[in-house]
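Residue numbers (the numbering used here): 41 to 661.
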Ligand SMILES: Nc1ncnc2c1ncn2[C@@H]1O[C@H](COP(=O)(O)OP(=O)(O)O)[C@@H](O)[C@H]1O
Ligand SMILES: O=C(CO)[C@@H](O)[C@H](O)COP(=O)(O)O
């Protein structure tokens, strides 16, 4: 038998992507369908349509048609699909898909001579998929929090306070505005489990993955009684409807490496897939990205795409209203209340925590365009000219650029810039901060936005790590006052910028790494999509566990073994002290400037509080 391949899909807001990986996790090929341009007849912008009162959604049939097009494209590109032994899907988090009562028969044996789109027209009870940008459910969020005793209580149960985009509030609103369509709904999926269902096409709507379920405000994360929260089901569907809602939500997959089926006959007959190819539970886009870098305890991932997302790996459950707590997406977890198996190889529960910022790349781009003639080179030169280089070089300006109302801090909105005088002493410095419209030198604008964003990630990740002893050790002789991430992995478009990554190493006082590939004799930043690759890693892990004697092998172990094999294949070429491990390069380490930033976290926190006070005052006027 030839070496197996693995396939990862990523159904994100703007596109459907696929990555094909070798058995040692080399990315062989990628392709994608872009909703706006490849499927223009749906009229989406950025993959979505905007409705009334904060509604943001996309047509569910667009996802089905995208799947049809994606596999046609894969066929044209000549991918060796017959070698694929494992498949898994990632999907935008929180967004939900509603299956009709006839879905099960429509999903059981589609005709392989025809695409899926015409065959699944009646498979859905709701024509739209509410998108994560939807903000129409403020009323429902309040009701969910009230039902359990407030924000902190809901975060304690489900890992997050109520959020408009989370699925619980979305289902509650759907039931309120269209009760008959809700009644006609047989099952509710997340996007990841809907795509998993479409990969199996065996008549069964597949269970939601437990890590992805944490983005619903419905799943009890408490160690002893992990399961759908009765209290929250009742808040949504009433006492009489709670059981039915639990049925609609179905089973939750708590072992992300256990097959949920085989690739559908439709794929075998139409495209030549091997009928033995296994399908593993799908997961959310963020959990999938988390897997592409195999984070250890207290390490972090900072993704700088359209939005900035900070993920922190922890072994303790630490829910707070400002961030989201999720289960690790690839662990052999102890069984939940829904599981009947025993799991001798179960690991202790692991988590990751997530902070999501709407003001990421687009906001940085805005500052670059405003002051640096749309040039990242000019922006970077300004940062390099002014950045702190010693213990005493304390920043004396801060800029909060909340062009969009942000998620963290909740609803922070506006532009707030301050200068302070470090010689005036800690007590007076922030009190006497001067609010300015612009800094005296435009160079300061570049450094100020980056410092504020990075100090934000430094400050809030340290709060998440308060109970992690690993996060305290000093680094490079720099004395640490707050717990810190022991390593950061950077991904997303802005991670191409070495100046940003170098400043990140100083402000977060830690090593910054990236995924790299060895190509034509040198290590280069990878160009692949972390999310579909991360979920293909999961399929690779799950497949390994189907091999003799490997049933309880952990995800981290399998990835480590694959990396080791790749190193051997490289045969000693490209060995370098910059490699943190195979395929992971250290891009930046904290320099002298870190000593200055280490003294500025508290100062920044006070300035952020001041900016929020000023926002309140401005809005009151
Ligand atoms: N050299 C650079 N420096 C800073 N930001 C950059 C650079 N190159 C690209 N970006 C930013 O990356 C963003 C796109 O990131 P990407 O990860 O592709 O986003 P998404 O996956 O959310 O569409 C752009 O908005 C751009 O501002
Ligand atoms: O809402 C969140 C996380 O809570 C977003 O991170 C979405 O999960 C983003 O999906 P894509 O834009 O990548 O499709």
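No residue lacks a Cβ here, since even glycine has one placed at the ideal position from N, Cα and C.
Take the alpha-carbon of residue 568 and the one of residue 67: they are about 7 Å apart. The C-beta separation of residue 411 from residue 309 comes to about 58 Å, leaving the pair out of contact by the 8 Å criterion. For the pair residue 249 and residue 296, the CB atoms are nearer than the 7 Å cut-off.
At a cut-off of 4 residues, the continuous stretches assigned as alpha helix (DSSP H) that sit fully inside the stretch 530 to 583 are 538 to 547.
Of the candidates 452, 433, 630, 435, 452 places its Cα closest to the Cα of residue 441. Counting every other CB atom within 10 Å of its CB across the protein chains shown gives residue 155 a total of 16 or more, marking it as buried. In this structure residue 356 touches residue 507 by the C-beta definition: roughly 5 Å separates them, less than 8 Å. Under the rule that a run must span 3 or more residues, the beta strand (DSSP E) segments found entirely inside the stretch 99 to 169 read 124 to 131, 136 to 140.
Proximity of the beta carbon of residue 537 to ligand 1 is indicated: a heavy atom of the ligand is located closer than 6 Å.
In this structure, 95 is the residue among 131, 199, 95 with its C-alpha nearest to the C-alpha of residue 177.
Rounded to the nearest whole angstrom, the C-alpha separation of residue 402 and residue 417 is 17 Å. In the DSSP assignment, residue 220 falls within the alpha helix (DSSP H) that extends over 219 to 223. In this structure, residue 576 keeps its C-beta atom at 7 Å or more from the C-beta atom of residue 118.
Taking C-beta separations shorter than 6 Å and ignoring five residues to either side along the sequence, the partners of residue 251 in its chain run 323, 327, 366, 367, 369, following chain order.
For residue 633, there is no enclosing beta strand (DSSP E); the residue is found in the alpha helix (DSSP H) stretching over 633 to 638. Residue side-chain check: residue 133 places its Cβ nearer than 6 Å to a non-hydrogen atom of ligand 2. At a threshold of 6 Å, residue 77 does not count as near ligand 1, since its beta carbon sits no closer than that to any of the ligand's heavy atoms. With a cut-off of 6 Å, the C-beta of residue 405 is classified as near ligand 1, since at least one heavy atom of the ligand falls inside that distance. Its chain contains 638 as the residues whose beta carbon lies nearer than 7 Å to that of residue 521, once the 5 sequence neighbours on both sides are disregarded; these appear in chain order. Rounded to whole angstroms, the Cβ separation of residue 291 and residue 247 is 4 Å, and the two are in contact under 8 Å. Contact check for residue 235 against residue 131 passes: the beta carbons are separated by less than 7 Å. Going by DSSP, residue 71 is part of no alpha helix (DSSP H) but of the beta strand (DSSP E) stretching over 67 to 74. Selection 547, 436, 57 evaluated against residue 109 yields 57 as nearest (Cα-Cα).
In the structure shown, residue 245 falls within a coil segment according to DSSP collapsed to helix, strand and coil. Restricting attention to 98, 450, 123, the CA atom closest to the CA of residue 397 is found in 450. Here residue 609 is exposed, its C-beta having fewer than 16 other C-beta atoms within 10 Å. Residue environment for residue 420: buried (at least 16 other C-beta atoms within 10 angstroms of its C-beta). According to DSSP, residue 60 shares a beta bridge with 47, 69. Collapsing the DSSP output to three states places residue 320 in coil.
A Cβ-Cβ distance of about 7 Å is found for the pair residue 242 and residue 148, placing them in contact under the 8 Å criterion.
For residue 303, the secondary structure class from DSSP, reduced to helix, strand or coil, is coil.
Here residue 437 is bridged, per DSSP, to 459.
In this structure, residue 52 has its CB closer than 6 Å to one or more heavy atoms of ligand 2. Annotation: the stretch 337 to 420 contains the following complete segments of the beta strand (DSSP E) (minimum length 3 residues), in chain order: 340 to 344, 348 to 354, 364 to 367, 391 to 397. DSSP links residue 585 through a beta bridge to no other residue. Look at residue 609 here: in three-state DSSP terms it is helix.
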